[in-house]
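Below is one structure, written out as structure tokens; comments come after it.
Numbering (our numbering), first residue to last: 438 to 1020.
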């Protein structure tokens, strides 16, 4: 038997699928042959729930309405002849009854019937109606069976569903318990971790709180310090304001004083200018007077020579018995007293009453006489000048012989337009006082003879280009002979030209460009120019190159005195003077 299910509502699919499976398991099969049915019969009513119909191919089917679902079955047909698919004595399910209650059996496999033949007139309609009734009865039985099966299936499904639900609940409970256990384990782990983290957070929080407390304390301290500093700053500001007011007052006062001083300065400058002109005139008169004095001295010397010659003549006349008048005798006695007066140095000339600075004649011994410039004004007067520098007209880069006697030669160098060079030494007259005032070196041999007679003091006077004056004083000064290279000997330094002596006190030989007696392999006289007691080039050289103002800085070969202006500052003017220690 072939069963076909047409589409149904979705809620009925599961139930009827189970019913179809159970129908296939039935041990019997009920087949009804409808080949006797009249062609084109309509729906067959079976207990109000069944209907039969034919299609265009004369294939018969049956529809069953159950609830909201409709089930359509294709009915089985006889494959050959008019033999029915079942016997009336057979019951459904293998049981038979004699009463004929419609309990039929049929276990033969049914096939589809051929096409329905045309109806043949005769007694067939009565047999067809019986079969239809029988079929309706069978269908009712089937319907009951199906209802029972449906109830059974529903009950079975309820039990199975309950069991399935219980097993599912059990499985879900076990899974949930496992999950709960895992969750508890993980929760415990996370709790421990959270506890550790909380502990760390608490520790860090406590540390941060401590740091915050410390920071707050330091902040409070800083705030207090800031307040103190602010108050101090305000106080200082007030003081500064007062000081500014005082400074403004002082500045105004200074400006007024400065204006007054400028006026006084201008008046003083005018006065100085007038005095300078007066001093210039006085210098002119002094030069004239000094020249006149020199002329008078020369005339006095001539008179002395004349008197000496007259004395010799008188002595000859006395021996011959000649008579000299009284006037000539008086003149002779006066001149003889003047002749006996000879000066050894400028100190004796000063003590004799000559108080003007100038050139005088001194007698070192009975044979040696020298014209010397005497300074009668500095430090009590009576100084014999042995060195003097005031300008650069005289070249002090001289030979040993010239420094020995007296380097009074003036070197004049000439260059023509063709580049040819020539020079000449001019020896000025000794009686010209102006030359001795500006440039002067007395001579080493004469200084040796002079200082070997008695103890002398040495005074060194210095003037820089700003007009500042200084001096160095030595209580003992003398030099050796030429065999001793005119070695310098000094004692007891004092003065304003430095705390230390710029001259070598413990002895240094004199050196020139042609006689190197210093203690340096570099030949200091050639490198630093001039003749001097260099030792190892030493801290001083007053006979160096003369540099004018503006060119005197950074000159190692200039006129220098180290402990006064430094070793590279060239001075404007210098003087070296000697005087007896017992003056």
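Note that beta-carbon positions come from the ideal geometry of N, C-alpha and C, so glycine has one too.
The model shown is predicted, which means the values in this text are computed figures rather than measured ones.
DSSP bridge partner residues for residue i (one or two, in chain order)
i: residue 800; result: 806
i: residue 898; result: 908 and 1012
i: residue 508; result: 501
i: residue 964; result: Answer is none; residue 964 lacks a bridge partner.
i: residue 678; result: Looking at the DSSP assignment, residue 678 forms no beta bridge with any residue, so it has no partner.
i: residue 927; result: 914
i: residue 825; result: 877 and 1012
i: residue 974; result: The partner list for residue 974 (beta bridge, DSSP) is empty, contrary to what the question assumes.
i: residue 947; result: 970
i: residue 990; result: 1006
i: residue 893; result: 914 and 1017
i: residue 995; result: 982
i: residue 932; result: 909
i: residue 795; result: 811
i: residue 820; result: 812
i: residue 952; result: 949
Distance CB(residue i)-CB(residue j) smaller than 8 Å
i: residue 834; j: residue 877; result: no
i: residue 997; j: residue 978; result: yes
i: residue 950; j: residue 836; result: yes
i: residue 967; j: residue 947; result: no
i: residue 987; j: residue 1005; result: no
i: residue 883; j: residue 801; result: yes
i: residue 826; j: residue 697; result: no
i: residue 963; j: residue 974; result: no
i: residue 902; j: residue 989; result: yes
i: residue 934; j: residue 1000; result: yes
i: residue 841; j: residue 881; result: yes
i: residue 972; j: residue 953; result: no
i: residue 784; j: residue 1020; result: yes
i: residue 897; j: residue 813; result: no
i: residue 970; j: residue 940; result: yes
Whole-number beta carbon distance between residue j and residue i, since they are thought to touch under 8 Å
i: residue 894; j: residue 911; result: 7 Å
i: residue 982; j: residue 1003; result: The Cβ separation is near 16 Å, so there is no contact.
i: residue 809; j: residue 886; result: Rounded, the Cβ-Cβ distance is 12 Å, inconsistent with contact.
i: residue 888; j: residue 786; result: At roughly 17 Å, the Cβ-Cβ gap does not stay under 8 Å, so residue 888 and residue 786 are not in contact.
i: residue 1017; j: residue 891; result: 6 Å
Point to revise | Within the segment 599-626, ranges of the alpha helix (DSSP H) (whole runs, at least 4 residues) | key: none
**Study point:** Sufficient close CB pairs (3 or more, under 8 Å) joining the segment 815-831 to the segment 911-918
**Key:** no
Review point. Does the segment 896-907 come close enough to the segment 791-809 that 3 or more CB-CB pairs lie under 8 Å?
Key: no
**Study point:** Start-end ranges of the alpha helix (DSSP H) lying completely within the segment 569-602, minimum 4 residues
**Key:** none
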